Amino acid sequence: MKLYGSYTSPFVRHVRIVLLETGLDCEFIETDQTGSAAQSPTQRVPFLQDGDIFLTDSASIIKYLREQVGQDYCKTAKELDELCLVSTLMDATVNLFFIKRDGVDISGIPYLQRQAARIHTTLKELNQLPLPDSAPYTDAHIRLACFIGWAKLRSQVDFSAYPALEKFYTKANQHPHFQATQPPQS
Ligand SMILES: N[C@@H](CCC(=O)N[C@@H](CS)C(=O)NCC(=O)O)C(=O)O
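Written out as structure tokens, the structure reads:
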């Protein structure tokens, strides 16, 4: 089994944590944008190859890995909805990060302002949810901690406005699986 990804992507980090939780054997192949454009129709990482199986999204990859060891993946609609909230947040923030990095001034573009507003309303909602201060974490929680780590690394969110998220992240980040998958801090 081969997982293609980068060490900075929060989507990939979620998959790497699930690999640690499941104990499955998987080769990690570091893949840049040229590699993902050549090998995946989404032109994104992560993607996974296991024999005839080719999966192109972190959600399907995580479901596939958990199924192999009999673990649940978003058992309730509520948990799935929390995961979807985090995925929407992550998509919008990563999208704006790349656009700003290409030199676009997002302040004059209405759709990009909606993306920025979506990020803040979603963070506000997540900040009000009951969040655990220790394992076990659901996939929504793991993804949220991966997002916060990435957003801090890239300086994309000021978390002083979201104290519950900051508190949740401080604890989650001490967990061995989060320690083992820290993105490079450069
Ligand atoms: N829905 C996808 C999103 C993956 C994603 O956005 N990956 C980013 C890295 S953090 C990427 O490869 N972006 C490249 C691009 O948008 O050109 C998933 O969950 O796997």
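Mapping of the sequence shown onto the numbering used here: residues 47 to 232, in sequence order.
C-beta: ideal position from N, C-alpha, C; glycine also.
Treat the numbers as computed from the prediction; the structure is a model and nothing was measured.
Taking only heavy atoms of ligand 1 into account, decide whether any of them is closer than 7 Å to the Cβ of residue 57. Taking the sequence shown and counting its residues from 1, the one referred to as residue 57 is at position 11. Remark: the C-beta of residue 57 is in contact range of ligand 1, defined as less than 7 Å to any heavy atom.
Spatial distance of residue 149 from residue 114 (CA atoms): Here residue 149 corresponds to residue number 103 of the sequence shown, with the count starting at 1. Here residue 114 corresponds to residue number 68 of the sequence shown, with the count starting at 1. If you draw a straight line from the Cα of residue 149 to the Cα of residue 114, it is about 43 Å long.
Between residue 105 and ligand 1, is there a pair consisting of the residue's CB and a ligand heavy atom that are separated by less than 7 Å? Numbered from its first residue, the sequence shown carries residue 105 at position 59. For ligand 1, at least one heavy atom lies less than 7 Å from the Cβ of residue 105.
Residue ranges of each alpha helix (DSSP H) within the segment 155-229, 4 or longer: Fully enclosed alpha helix (DSSP H) runs of 4 or longer: 156-173, 185-199, 209-218 and 222-226.
Identify whether residue 16 lies in helix, strand or coil by the three-state DSSP scheme. The structure shown does not extend to residue 16, since the chain is modelled only from 47 to 232, so the question has no answer here.
Roughly how many angstroms lie between the CA atoms of residue 56 and residue 140, to the nearest whole one? Start at 1 with the first residue of the sequence shown, and residue 56 comes out as number 10. Start at 1 with the first residue of the sequence shown, and residue 140 comes out as number 94. Cα-Cα distance, rounded: 9 Å.
Sorted by chain position, which residues of the same chain lie with C-beta nearer than 7 Å to residue 107's C-beta, five sequence neighbours on each side aside? Position 61 of the sequence shown, counted from the start, is the residue given in the question as residue 107. Apart from the 5 residues on each side of it in sequence, residue 107 sits with its Cβ closer than 7 Å to the Cβ of 61, 92, 94 and 101 in its chain, given in chain order.
CA-to-CA distance, residue 197 to residue 54, given in whole angstroms: Reading the sequence shown from its first residue, position 8 is the one you call residue 54. Reading the sequence shown from its first residue, position 151 is the one you call residue 197. Each residue's alpha carbon lies about 11 Å from the other.
Below 8 Å, can you find three or more Cβ-Cβ pairs linking the segment 191-208 to the segment 123-140? Cβ pair count under 8 Å is three or more, so yes.
Can you tell me whether DSSP reads residue 94 as helix, strand or coil? Within the sequence shown, residue 94 is the residue found at index 48, counting from 1. Here residue 94 sits in strand by DSSP.
Would you list the residues sitting across from residue 67 in a DSSP beta bridge? Looking up residue 67 in the sequence shown gives position 21. Under DSSP, residue 67 forms no beta bridge with any residue.
Considering residue 75, what are the terminal residues of the beta strand (DSSP E) in which it resides? Position 29 of the sequence shown holds residue 75. Residues 73-76.
Tell me the residue span of the beta strand (DSSP E) that contains residue 108. The sequence position of residue 108 within the sequence shown is 62, counting from 1. In this chain, residue 108 is not harboured by any beta strand (DSSP E); it is covered by the alpha helix (DSSP H) spanning 104-114.
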